[in-house]
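Protein chains in written order, with my numbering: chain F, 940 to 1114; chain Y, 80 to 258. Inspection log for the structure reproduced underneath, given as structure tokens.
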């Protein structure tokens, strides 16, 4: 009798885990499937000849501006590859956007002005660092909410277990 | 009661999530354009067929038009070219083209060999106009109303089905509203 109940508790924890596993695998599947389907139809701009990780336009003479350039381009998403920043990507569009950032920096524009320029044209998605605003609050809060939910489940299971008597010894008669 | 209701609610939530996420018609890389409902960026560039001639959208104000971004390096653009020719035959709206990061000679060969559906094609060799329009791939097609506002953006090669479903109703609505 007790054995059954205990198995039930264990089963519940296992199914919660399986749920999470299936969820993340499914998510990954959707993403890669979509990427594969997309490839042929909507072509990226012609490949650049820039060496990987190097900017073909060379360094900015002013080291402070160069540092800001590196910082900003790392925070802007390359919309062709979508998981790379424009600092890392060597597609043509990323190169054009780096040129844009460089020109705006040399013209004395602020970091915020550059981010605003990009967001006005490409949307919030272009920024890797999601700004904390009213409409993005749930994104920032979701890890805490999920952690609290998971913690509550774990707490319930461990409490239910600790209330049960120990029965690690094999029951007489069973194998 | 809750023991059964909560997992069931979680199950229903997952079904809804998967129905949305696994929808094969949803293009997960297509991004919503922040330009929708805003003024179309004004540009003046040279004509791809004639470097001495200027082409821009400033003179398009007062009429609904289609703005199509393409390049000879883009396979999807070749795929959609027949559709653009068919659309231009309907004489519903003018099509303004943007030849993006391309070669003038190749572009004029393309238009001579395949036919020219465009009222005019602007030549954007540096890609600056494309950045202003938030273009991140080709082909991309915009619909602009008579007030010069962007009302729709379509990413991927156009088909006549998309044209009839997505573009024609919006063109009619824009004209009915006096835009």
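We put the beta carbon where it would ideally sit given N, CA and C, even for glycine. None of these values were measured; they are calculated from a predicted model.
- Interface residue (Cβ-Cβ distance to chain F less than 7 Å): residue 180 of chain Y is classified as such.
- Contact annotation: residue 1013 of chain F and residue 1024 of chain F have beta-carbon atoms nearer than 7 Å.
- For the region 1055-1091 of chain F, there is no continuous alpha helix (DSSP H) assignment of 4+ residues that stays within its boundaries.
- Legend: CB atoms of the region 110-129 of chain Y lying less than 8 Å from CB atoms of chain F belong to residues 110, 111, 112, 113, 114.
- In terms of Cβ geometry, residue 1035 of chain F and residue 116 of chain Y do not form a close pair [threshold 7 Å].
- Residue 228 of chain Y is bridged by DSSP to Y/118.
- The straight-line gap separating the alpha-carbon atoms of residue 996 of chain F and residue 1056 of chain F is approximately 21 Å.
- Residue 242 of chain Y sits in a helix when the DSSP states are folded into three classes.
- Residues of chain F with a Cβ closer than 8 Å to the Cβ of residue 227 of chain Y do not exist, since the nearest Cβ in that chain sits about 16 Å away.
- If you look at residue 174 of chain Y, you'll find it in the beta strand (DSSP E) that goes 174-179.
- With distances taken between CA atoms, residue 1049 of chain F lies nearest to F/1011 out of F/1098, F/1001, F/1011.
- If you check each beta-carbon in the region 1002-1021 of chain F against every beta-carbon of chain Y, the ones closer than 7 Å belong to 1018, 1019, 1021.
- Within chain Y, no residue has its CB atom less than 7 Å from the CB of residue 1045 of chain F, the nearest being about 16 Å off.
- Just measuring C-alpha positions, the residue of Y/255, Y/231, Y/151, Y/164 sitting nearest residue 198 of chain Y is Y/164.
- Here residue 122 of chain Y is buried, its C-beta having at least 16 other C-beta atoms within 10 Å.
- Within the region 205-229 of chain Y, the residues whose Cβ lies closer than 7 Å to any Cβ of chain F are, in chain order, 206, 210, 211, 213, 215, 216, 217.
- Within chain Y, 180, 206, 209, 210, 214, 215, 216 have C-beta atoms less than 9 Å from the C-beta of residue 1032 of chain F, given in sequence order.
- The residue from Y/127, Y/232, Y/225, Y/100 with its alpha-carbon nearest to that of residue 190 of chain Y is Y/127.
- For residue 1035 of chain F, the nearest beta carbon of chain Y is closer than 7 Å to its own beta carbon.
- Proximity of residue 1062 of chain F to chain Y, defined by a Cβ-Cβ separation below 7 Å, is satisfied.
- The beta carbon of residue 232 of chain Y sits closer than 6 Å to those of 112, 221, all from its chain and outside the five residues before and after it, given in chain order.
- Contact note: residue 1083 of chain F does not reach chain Y at a C-beta cutoff of 8 Å; the least C-beta distance is about 19 Å.
- Just so you know, the alpha carbons of residue 236 of chain Y and residue 1019 of chain F end up roughly 16 Å apart.
- For residue 1078 of chain F, same chain residues with a beta-carbon under 8 Å away, outside a window of 5 residues either side, are 1069 in chain order.
- The region 87-175 of chain Y is shown to contain whole alpha helix (DSSP H) runs of 4 or more residues at 154-169, in chain order.
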